[in-house]
């Protein structure tokens with residue numbers, strides 16, 4: 001299996017799916033929720049990381065996101081976000097994760113004319129976590145959610161300008177909310193595309209369908225990846241084993257066309 005590839009696994013189901021991961025050499029992106037962070041002992045995080053490393057498998061982590069917002073105008077929301085992200089870092093370090101995915105928390109309909117205030121607060125929020133990333137060597141990535149264009153996330157990444165801080169491009173969210181052409185969006189990421197979330201939808205809901213079973217045209221993405229000297233890591237965000245197997249089969253046909261871009265870590 002491609003060492004760049006990961007598969008979505010809710011942390012609460014890790015024991016259920018760990019045999020499948022180990023048997024097929026699949027690397028997880030472990031999606032953490034608040035209950036996982038509050039109720040899991042440190043030794044268990046260490047144990048899961050060790051079991052994966054023993055089989056030569058890397059992992060990424062998806063931070064919790066419900067009601068969290070690094071640029072929230074309400075100070076108590078920022079405080080809760082800081083607390084959850086601090087917990088996430090501690091768990092990711094014990095797991096031995098190489099990357100953490102975060103939701104940016106920005107919704108253009110919600111903030112409207114207050115976008116500048118969100119920007120200033122988000123800009124103030126992230127440096128402490130970037131300093132912690134330096135100590136662990138983990139990359140931090142922001143995932144596009146409700147973004148209409150790449151402008152705001154590119155501004156934040158470029159302004160902070162940290163080598164461990166970049167983008168997770170989610171093609172399903174782009175298809176639902178983006179109004180910027182896919183090729184243009186990808187070009188704007190300007191060397192900071194660290195991670196991908198791959199799934200499909202029919203253009204109305206975040207269906208998380210297998211690649212090729214929705215309406216998304218992936219061709220511009222594959223074309224862009226072929227121009228890169230090094231592929232980003234990527235996660236198949238399937239929500240069932242059958243959907244995962246379908247996406248894996250499709251991806252294995254695409255991988256040979258991208259293989260020349262793969263460079264060692």
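Residue numbers (full-length UniProt numbering): 1 to 265.
In this text, a Cβ means the ideal position worked out from N, Cα and C, and glycines have one as well.
Note that the structure is predicted; figures quoted are calculated from it, not measured.
In terms of Cβ geometry, residue 40 and residue 98 do not form a close pair [threshold 8 Å]. For residue 102, the beta-bridge partners assigned by DSSP are 142. Judged by DSSP secondary structure, residue 50 falls within the alpha helix (DSSP H) whose first and last residues are 42–54.
If you ignore the 5 residues before and after residue 196, its C-beta comes within less than 6 Å of the C-beta of 169, 232, 234, all in its own chain and listed in chain order. Residue state for residue 234 is assigned as strand, using DSSP reduced to three classes. The alpha-carbon of residue 165 is positioned some 15 Å away from that of residue 150.
The DSSP-derived three-state label of residue 157 is helix. Shown here, residue 74 sits in coil according to DSSP, grouped into three states, outside any helix or strand. Residue 165: member of the beta strand (DSSP E) spanning 165–170, first to last residue. Residue burial is scored here from C-beta neighbours: residue 36 has at least 16 other C-beta atoms within 10 angstroms and is therefore classed as buried. Between the segment 76–91 and the segment 107–116 there are fewer than three C-beta pairs closer than 8 Å, too few to call the two in contact. Within the same chain, Cβ atoms closer than 6 Å to the Cβ of residue 22 are found at 55, the five residues on either side in sequence being excluded. Judged by their CB atoms, residue 175 and residue 224 are not nearer to each other than the 8 Å cut-off. Residue 217 holds the alpha-carbon nearest to the alpha-carbon of residue 201 among 217, 136, 192. In the three-state scheme derived from DSSP, where H, G and I count as helix and E and B as strand, residue 239 is classed as coil. In the displayed model, residue 31 falls within a strand according to three-state DSSP.
Annotated three-state conformation of residue 227 is coil, per DSSP.
Between residue 222 and residue 258, the gap from beta carbon to beta carbon is short of 8 Å. Contact annotation: residue 31 and residue 10 have beta-carbon atoms nearer than 8 Å. Residue 126 counts as buried, since at least 16 other C-beta atoms from the protein chains shown sit within 10 angstroms of its C-beta.
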